[in-house]
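Asker: Here it is, the structure in full.
Residue numbers (my numbering): 7 to 130.
Below you can see the structure in the form of structure tokens.
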């Protein structure tokens, strides 16, 4: 009769301010949060920690979000991934949906939309 462990969310973003904002917000909403600063580190966290959901930045220095998404889904085909994108990358974000992302959120982050997106991804 233990408590159901809350969903584990991995944030993969090279911007520490975005990570901090998301971490604070998600932890306040009861999620367990882990983070990685680039695609490569994100993939190793996916292997090690098996998160339920990944918030993945589209633009990162070492590996773009599309590549990271493809590799993440190769590691775990059931993994829910929500892309985090700047407005200039909306087209690319739409492409990530075809590649298996469940949704995308644009920066500046609309936290209300993010809440719904995360909840919807968790229900899948």
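Built from N, CA and C at the ideal position, the CB exists for glycine as well.
What first and last residue would you give for the beta strand (DSSP E) that runs through residue 14?
Answerer: 14-18
Asker: Considering just the uninterrupted stretch of the beta strand (DSSP E) at residue 92, what are its terminal residues?
Answerer: 86-92
Asker: Under 6 Å Cβ to Cβ from residue 36, same chain only, skipping five residues before and after it: list those, please.
Answerer: 12
Asker: Thinking just about the alpha-carbon of each residue, which of 54, 87, 69 is nearest to the one in residue 120?
Answerer: For residue 120, the nearest C-alpha among the options comes from 87.
Asker: Helix, strand or coil for residue 111 per DSSP?
Answerer: strand
Asker: If distances are taken between C-alpha atoms only, which option among 77, 41, 102, 78 comes closest to residue 89?
Answerer: Nearest C-alpha to residue 89: 102.
Asker: Residue 42 and residue 16 look like a contact to me (Cβ under 8 Å); what is the Cβ gap, rounded to whole Å?
Answerer: 7 Å
Asker: Report all residues from its chain with a CB closer than 7 Å to the CB of residue 127; omit the five preceding and five following residues, and keep chain order.
Answerer: 59, 86, 88, 108, 109
Asker: Assign residue 42 to one of three DSSP states: helix, strand, or coil.
Answerer: strand
Asker: By a C-beta neighbour count over all protein chains shown, 10 Å radius and 16 as the cutoff for buried, is residue 117 buried or exposed?
Answerer: exposed
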